[in-house]
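Numbering (our numbering), first residue to last: 203 to 420. Taking it in order: structure first as C-alpha cells, then the write-up.
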Amino acid sequence: MGKMTDQYLANNRKYAGGEALHKAAHPGKQPINPAKHVAVLACMDARIDVEDLLGLQTGDAHIIRNAGGVVNDDAIRCLIISHHLLDTNEIILIHHTRCGMLAFTDDLLKAGLEGDPAAEKLLGQATHRAFKSCEKCASTPSQFHAFRGAIEPLDAAPTAKQIERLRWDVRRSMSAILNHPWIPTSGPDAVSVRGFIYDVDTGKLDEVSYPGSMGSIS
Ligand SMILES: [Zn+2]
Numbered sequence: 203m204g205k206m207t208d209q210y211l212a213n214n215r216k217y218a219g220g221e222a223l224h225k226a227a228h229p230g231k232q233p234i235n236p237a238k239h240v241a242v243l244a245c246m247d248a249r250i251d252v253e254d255l256l257g258l259q260t261g262d263a264h265i266i267r268n269a270g271g272v273v274n275d276d277a278i279r280c281l282i283i284s285h286h287l288l289d290t291n292e293i294i295l296i297h298h299t300r301c302g303m304l305a306f307t308d309d310l311l312k313a314g315l316e317g318d319p320a321a322e323k324l325l326g327q328a329t330h331r332a333f334k335s336c337e338k339c340a341s342t343p344s345q346f347h348a349f350r351g352a353i354e355p356l357d358a359a360p361t362a363k364q365i366e367r368l369r370w371d372v373r374r375s376m377s378a379i380l381n382h383p384w385i386p387t388s389g390p391d392a393v394s395v396r397g398f399i400y401d402v403d404t405g406k407l408d409e410v411s412y413p414g415s416m417g418s419i420s
C-alpha cells in the first residue's frame with residue numbers, strides 16, 4: 203500500500219535539505235490522468251508548496267487543498283472523481299504544524315460572525331486582527347471543521363499536545379476516506395491512504411500511525 207509514497211518521502215528529505223526537485227517550466231503536452239496516480243489533500247496554508255515538498259512534477263498528481271486539508275464534501279467529491287475517472291490509486295493527506303485550524307472552534311467562529319462580543323474579543327486576541335462581526339446568521343457552511351481539542355494561539359510553536367491534535371485529525375480524515383462507500387480499499391481497484399504532518403519550520407514530513415486515537419473532548 204502507498205507504493206510511491208516512500209519515494210515522495212525521500213524527495214521530501216531532499217527538499218527539507220535545500221534541494222529543488224520540482225521543475226517550474228511548462229512541460230509541454232501531457233495526458234489528463236496524473237502520471238504518478240496520486241492525489242494529495244493538503245491544507246491551504248501559504249507556507250506549503252505541495253509539489254515542491256513531495257518532489258512532484260506538473261502532470262504527476264491531483265492536488266486538493268482547503269483550510270485544514272479536511273475531508274469535507276468537496277474533498278470527497280474530488281477524490282472519487284480522481285480515482286474512478288482519472289485512475290489515481292494513492293491518496294496522501296497532509297496536515298501541518300502551526301495550522302490555523304488549531305486556533306478556533308466552529309462554535310466560536312460562528313458566534314463571532316453572528317455578533318457575540320465575547321467571541322469577537324477572543325478571535326481578535328487569537329489572530330491579532332480586529333475581528334469584525336457580520337452580525338448575520340447563515341446556514342452554510344454547515345461546518346468549518348476546526349480541529350478537535352483545546353484551542354491554542356494562532357501560529358503557536360508545535361508542542362506534544364499540538365502534534366497529538368494534528369494526529370487526531372489526520373486519523374479522522376483517513377477514517378472518513380477509508381470508510382466511504384465509493385472509495386474502494388480492497389480488491390484490484392483498491393486505493394491506499396497515508397497521512398502526514400508537515401513541519402512548516404523544517405520542511406519535513408512525519409507519518410501518522412493508523413489506526414489510533416481520533417481525539418477526546420476532555
Ligand atoms: Zn493549515
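Don't be surprised by glycine CBs; every beta carbon is placed ideally from N, CA and C.
### Query
Can you tell me the Cα-Cα spacing of residue 333 and residue 311, whole angstroms?
Residue 333 and residue 311: Cα-Cα distance of roughly 10 Å.
### Task
Flag this pair as yes or no: are the beta carbons of residue 241 and residue 207 separated by less than 8 Å?
Against a cut-off of 8 Å, the Cβ pair of residue 207 and residue 241 comes out as no contact.
### Query
Which same chain residues, not among the five before or five after residue 373, have their C-beta less than 6 Å away from its C-beta?
Cβ within range, chain order: 412, 414, 416.
#### Entry: alpha helix (DSSP H) runs contained entirely in the stretch 224 to 249, provided each spans 4 or more residues
Complete alpha helix (DSSP H) runs here, min 4: none at all.
### Task
Return yes when the C-beta of residue 403 is under 7 Å from any heavy atom of ligand 1, and no when it is not.
No, Cβ of residue 403 sits at least 7 Å from all heavy atoms of ligand 1.
### Query
Which of the three DSSP states, helix, strand or coil, is assigned to residue 214?
Residue 214 sits in a helix when the DSSP states are folded into three classes.
### Task
Give me the Cβ distance between residue 224 and residue 258, rounded to the nearest whole Å; I'm assuming they're in contact under 8 Å.
Going by Cβ atoms, the distance from residue 224 to residue 258 rounds to 7 Å, so yes, they are a contact pair.
### residue 372, enclosing alpha helix (DSSP H) - first and last residue
Its alpha helix (DSSP H) spans residues 362 to 380.
### Neighbourhood of residue 387 by C-beta, 7 Å cutoff - its chain only, sequence neighbours within 5 removed
Counting only Cβ-Cβ distances below 7 Å, and skipping sequence neighbours, we find 380, 393.
### Query
Which residues bound the beta strand (DSSP E) around residue 395?
Residue 395: member of the beta strand (DSSP E) spanning 394 to 400, first to last residue.
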